[in-house]
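Participant: This is the structure, below, for whatever I ask next.
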Amino acid sequence: KRSESLERFNQQLLMGFLLFGGLYFAQGFLVPFFIASLIAMLLLPICNKLEKWGLNRVLAITICIMIFLGILTGLILLLINQIAGFNEDLPQLREKLQEHLVNLKTGIIEYTEISREQIQGIIQDGIEKGTSSLGQFLQGILTVTGGFFVDFLLILIYIGFFLAYREKIENFIVWVSPKEEKGKAEEVIKDSTRVAISYLAGILTVMTILAICNSIALSLLGIEHAIFFAILAAILNLIPFIGSFLGSLLPIFMALLTKDELWIPITIVIYFSFIQYIESYFLTPFIVGGKTKVNPLAEILALVIGGVIWGIAGLILFIPLMGLVKVLFDHVDKLKPYGYLIGRDETPSTSKAIDAIISWVKKSFGKK
Numbered sequence: 011k012r013s014e015s016l017e018r019f020n021q022q023l024l025m026g027f028l029l030f031g032g033l034y035f036a037q038g039f040l041v042p043f044f045i046a047s048l049i050a051m052l053l054l055p056i057c058n059k060l061e062k063w064g065l066n067r068v069l070a071i072t073i074c075i076m077i078f079l080g081i082l083t084g085l086i087l088l089l090i091n092q093i094a095g096f097n098e099d100l101p102q103l104r105e106k107l108q109e110h111l112v113n114l115k116t117g118i119i120e121y122t123e124i125s126r127e128q129i130q131g132i133i134q135d136g137i138e139k140g141t142s143s144l145g146q147f148l149q150g151i152l153t154v155t156g157g158f159f160v161d162f163l164l165i166l167i168y169i170g171f172f173l174a175y176r177e178k179i180e181n182f183i184v185w186v187s188p189k190e191e192k193g194k195a196e197e198v199i200k201d202s203t204r205v206a207i208s209y210l211a212g213i214l215t216v217m218t219i220l221a222i223c224n225s226i227a228l229s230l231l232g233i234e235h236a237i238f239f240a241i242l243a244a245i246l247n248l249i250p251f252i253g254s255f256l257g258s259l260l261p262i263f264m265a266l267l268t269k270d271e272l273w274i275p276i277t278i279v280i281y282f283s284f285i286q287y288i289e290s291y292f293l294t295p296f297i298v299g300g301k302t303k304v305n306p307l308a309e310i311l312a313l314v315i316g317g318v319i320w321g322i323a324g325l326i327l328f329i330p331l332m333g334l335v336k337v338l339f340d341h342v343d344k345l346k347p348y349g350y351l352i353g354r355d356e357t358p359s360t361s362k363a364i365d366a367i368i369s370w371v372k373k374s375f376g377k378k
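Each residue of the sequence shown is one higher than the last, beginning at 11 in this note's numbering.
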């Protein structure tokens, strides 16, 4: 028995290494594949609705892809316009940064024993390291963006074929399943599609709400390029736990450079802390509804593993993929312990509070 357990453990360990090794080396194929599959799931209800209205499948798929391209193009043009305006103000921001550094240097010389030459060397070294890091960061963004556009056409092709052959794919999965598991296979497909659609639609809704709230708040505080910072913060919010913090850094830095009043950057810190609380405890539970049913520890592990294996794409894709894996675990008897391990276990008080809020909203705004 001991040798059998050891052999089983070695087999599982080997399968784990092969799985993660395969994910790493097949990144170029799998990332566009999974992006396309998630987008196709998001477009599936629209495609089904168009086909029910009498449109043939090719026309329905074409309209779905055009809707996706229209939304994406509008967002890209908006960001390009905002980035262009921000780029025009960079020389002025650089001058203001130099002024702040001069004032800082004067204060340090006055209240410490550090010489002017030492401070100048420290500042120069910091600027050089910061410039180098910024250059590497921008180069990484350009590389990712360039790679994305190279794969973009492939993603569109995948989306079209996923929508066109959705019944064939579903029938294939059911066909290759054991006879006694065919019913569960159909349930897994339906639940996986439902989880993906609910999660992605919910995340997009939360991002839109955050972008609008951020734009209003930053505009009221007089922050220049408020829309750009608002959209960037909403996009960075895709990264769980630290996304909101990262999104707040640029507007805080902008306020410190361009505003003389200290209360403005402090207000930005308070606002982003407040909106993070609202998003975590109200918006996401109500709109997304915990559709992935994955606990925070599993989410962190998914982020770390996804970041190591697929980089930025892994940070975005591995959370919904973890939710789909949990659906599979929950429907396979031998894998149910793993589904329990990564599952979300809400406390009764939290669940009752969320249910009460949802019930109140439905009663207040529902049809009477």
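A virtual CB, placed ideally from N, CA and C, is assigned to each residue, including glycine.
Quick one: what's got a C-beta closer than 7 Å to Glu180's C-beta in the same chain, skipping five residues either side?
Facilitator: Hits under 7 Å: Ile199.
Participant: If you reduce the DSSP assignment to three classes, tell me which class Val342 lands in.
Facilitator: DSSP places Val342 in coil when its eight states are reduced to three.
Participant: According to the Cβ coordinates, are Asn183 and Ala46 closer than 8 Å?
Facilitator: Checking the sequence, you will find Ile at residue 183 rather than Asn. Their beta carbons are not under 8 Å apart, which means Ile183 does not touch Ala46 by this criterion.
Participant: What's the gap between the Cα of Ser225 and the Cα of Pro261?
Facilitator: Cα-Cα distance, rounded: 11 Å.
Participant: Less than 8 Å between the C-beta atoms of Lys336 and Gly324, yes or no?
Facilitator: Not closer than 8 Å, so no.
Participant: How should Val216 be labelled, buried or exposed, when 16 other C-beta atoms within 10 angstroms of its C-beta is the threshold for buried?
Facilitator: When all chains shown are included, Val216 counts as buried.
Participant: Three or more beta-carbon pairs under 8 Å between the segment 333-350 and the segment 188-206, yes or no?
Facilitator: Segments in contact, yes.
Participant: What is the DSSP secondary structure of Gly353, reduced to helix, strand or coil?
Facilitator: Three-state DSSP puts Gly353 in a strand.
Participant: In terms of residue numbering, what span does the alpha helix (DSSP H) encompassing Gly321 cover?
Facilitator: No alpha helix (DSSP H) holds Gly321; DSSP gives it neither H nor E.
Participant: I'd like to know whether the C-beta atoms of Phe172 and Ala70 end up nearer to each other than 8 Å.
Facilitator: Cβ distance not < 8 Å, so Phe172 and Ala70 don't count as in contact.
Participant: Per DSSP, which one or two residues make a beta bridge with Val386?
Facilitator: The shown model of the chain, from 11 to 378, leaves out residue 386, and the question about it has no answer.
Participant: Using only CA atoms, which one of Phe78, Ser187, Leu85 lies nearest to Leu338?
Facilitator: If we check each option's Cα against that of Leu338, Ser187 comes out closest.
Participant: Would you give the residue range spanned by the alpha helix (DSSP H) that Ser225 belongs to?
Facilitator: 192-230 is the extent of the alpha helix (DSSP H) around Ser225.
Participant: Pick helix, strand or coil for Ile249, following the three-state DSSP scheme.
Facilitator: Ile249: coil per DSSP, three-state reduction.
Participant: Around the C-beta of Ser258, are 16 or more other C-beta atoms found within 10 angstroms, so that it is buried, or is it exposed?
Facilitator: Classification for Ser258: buried.
Participant: Pro42 by DSSP, collapsed to three states: which one?
Facilitator: Here Pro42 sits in helix by DSSP.
Participant: Just to confirm my understanding: we take Leu53, look at its own chain, exclude 5 residues before and 5 after, and list those with CB closer than 6 Å. What are they?
Facilitator: Once the five neighbours on either side are set aside, the close Cβ partners of Leu53 are Cys74.
Participant: Given a cut-off of 8 Å, decide if Ile329 and Tyr34 are closer than it, judged by their beta-carbon atoms.
Facilitator: In this structure, Ile329 does not lie closer than 8 Å to Tyr34 by Cβ.
Participant: With contact counted as at least three CB pairs below 8 Å, one residue from each stretch, are the segment 267-276 and the segment 242-256 in contact?
Facilitator: Touching, no, given that fewer than three Cβ pairs across the two stretches are closer than 8 Å.
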